[in-house]
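As structure tokens, the structure follows; a few thoughts come after it.
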Amino acid sequence: MTRKSVQPGHTPIPHGIGAPARRAMAHAGLETLEQVVQFGKRELLKLHGMGVRTMAQLEDAMDEHGLEFPAAS
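Numbering (this note's numbering), first residue to last: 271 to 343.
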């Protein structure tokens, strides 16, 4: 079941993300899942701490809120 964000555009990054990845996202100005989607998967993978586990956690959280990366990101 897909759950939409209560406040569209303000869906926080999940708490289970490791500290290195969380710091790298913060340094890149990424504070919400919507910003992560706009940033793009390819660019996100270039950040420190972005591995398979972190990407899976982000994509699971995005699925819960009806978000996804564009096909060509």
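Ideal placement from N, C-alpha and C gives every residue a C-beta, glycine not left out.
Because the structure is a prediction, the values reported are computed rather than measured.
Going by C-alpha positions, Leu314 is about 14 Å away from Ala341. Counting along the chain, Thr302 sits inside no alpha helix (DSSP H), nor does DSSP assign it H or E at all.
Separation of Pro284 and Glu301 (C-alpha to C-alpha, rounded to the nearest whole angstrom) is 10 Å.
For His297, the enclosing alpha helix (DSSP H) stretches over residues Ala289 to His297.
Per DSSP, the beta-bridge partners of Pro282 are Thr302. Burial is judged here by how many other beta carbons sit within 10 angstroms of a residue's own beta carbon; Val322 has fewer than 16 and is exposed.
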